[in-house]
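The structure appears right after this line, and notes come after that.
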Amino acid sequence: MQDPVRPLFRLPQLLGAIDDLLAVETTRHAGNLGLYTGDRPQRVDHHRRRLWLALGLSEGAVAGAHQVHGDRVLHATSAGQSEGYDALITDRTGLFLSITVADCTPILICDPERRA
Numbered sequence: 127m128q129d130p131v132r133p134l135f136r137l138p139q140l141l142g143a144i145d146d147l148l149a150v151e152t153t154r155h156a157g158n159l160g161l162y163t164g165d166r167p168q169r170v171d172h173h174r175r176r177l178w179l180a181l182g183l184s185e186g187a188v189a190g191a192h193q194v195h196g197d198r199v200l201h202a203t204s205a206g207q208s209e210g211y212d213a214l215i216t217d218r219t220g221l222f223l224s225i226t227v228a229d230c231t232p233i234l235i236c237d238p239e240r241r242a
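What follows is the structure, given as structure tokens:
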């Protein structure tokens, strides 16, 4: 459950129109979620687990990648971290994609018919 005064995330209104889609933007109150930022890995892991719990997810349901400003696309079929991809796609219901952005604009694409 989120603290209404210090929320960990917000739900983008634009994506709320798609049934069964969970898309969130984190706030600074979620802490540092970046695995490749130089922060202590234990601290980042704690913040990530706290966010997954608030979203009702398990760590075993989340796929992500170390983004490198390249052109490779990861077709995620299972949870875990991958190296060297800047786009993630999945067709697996129940697999959640995690991206980290700073100075780049994320692009989210959803297929509501296939629920992916």
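Taking my numbering, the leading residue of the sequence shown gets 127, the next gets one more, and so forth.
C-beta atoms are modelled at their ideal positions from N, C-alpha and C, and glycine is treated no differently.
Your pair Arg-198 and Asp-217 does not check out as a contact, with CB atoms roughly 18 Å apart and the cut at 8 Å.
For Gln-207, the enclosing beta strand (DSSP E) stretches over residues 206-209.
Only buried fits Ser-224, as 16 or more other CB atoms lie within 10 angstroms of its CB. For Ala-191, the enclosing beta strand (DSSP E) stretches over residues 188-192. The Cβ atoms of Leu-134 and Thr-152 lie closer than 8 Å to each other. For His-201, there is no enclosing alpha helix (DSSP H); the enclosing beta strand (DSSP E) covers residues 199-201. Counting every other CB atom within 10 Å of its CB across the protein chains shown gives Val-188 a total of 16 or more, marking it as buried.
Residue pairing by DSSP places Leu-214 opposite Leu-200 in a beta bridge. In this structure Gly-160 is in contact with Val-170, their Cβ atoms being roughly 7 Å apart against a cut-off of 8 Å. Each residue's CA atom was taken as its position, placing Arg-176 and Gln-168 some 12 Å apart. Counting along the chain, Leu-140 sits inside no alpha helix (DSSP H), nor does DSSP assign it H or E at all.
Look at Glu-151 here: in three-state DSSP terms it is strand.
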